[in-house]
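Below: the structure, in structure tokens.
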Amino acid sequence: MSNEFRFLGQTIPNLAIISGSILILWGIFSYLSSETGSFTSLIPSFVGLPLLILGNRSNKDKSNKHHYMHASMIIALFSVIGGLRILTAEDPTNLMIASHLILIVVGTIFMVGGILSFRHARKLRESLGE
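Heads up: the sequence shown is residues 5 to 134, going by the numbering used here.
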């Protein structure tokens, strides 16, 4: 069993960086393209920034990697829960629907990768007899 887990060809810290970057860029795009310039258009950026930071910290501080990745999973869970708010929105705009879907999809992909990574780490520890 390989020591390094990859999901979609990326390590989980790199997946956090990519996911965070996507959310940050989408938040900026949606803010600039919204008709009202609503501050809430930046919510994906507010979710993406911690993912980006935690992914970078995880790559630099290997001894605390598991802590950073657990925190990233909580952020991704909030992303999915926040995205599900679209189900209760009255008269949502296309931009609002797209933003919520991006929060759901990016958060779900990251959570699946993280869960599989945690399982891989547990199996690796068990195979090494720890």
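Ideal placement from N, C-alpha and C gives every residue a C-beta, glycine not left out.
Distance from the Cα of Ser76 is smallest, within the candidate group Arg10, Ile106, Ile28 and Met115, for Met115.
Per DSSP, Glu8 lies in no alpha helix (DSSP H) segment and is marked neither H nor E.
With a beta-carbon spacing of about 6 angstroms, Ile79 and Val51 fall inside the 8 angstroms limit used to define contacts. Straight across, the Cα-Cα distance linking Glu130 with Leu12 is about 24 angstroms.
Look at Gly41 here: in three-state DSSP terms it is coil, with no helix or strand label. One Cα belongs to Leu107, the other to Trp30, and the distance between them is close to 10 angstroms. Apart from sequence neighbours up to five positions away, the residues of its chain that approach Ser25 with a beta-carbon distance below 8 angstroms are Gly52 and Leu56, ordered along the chain. With a beta-carbon spacing of about 6 angstroms, Ser38 and Leu99 fall inside the 8 angstroms limit used to define contacts. Secondary structure note for Arg123: its alpha helix (DSSP H) is the uninterrupted segment Asn98 to Ser131.
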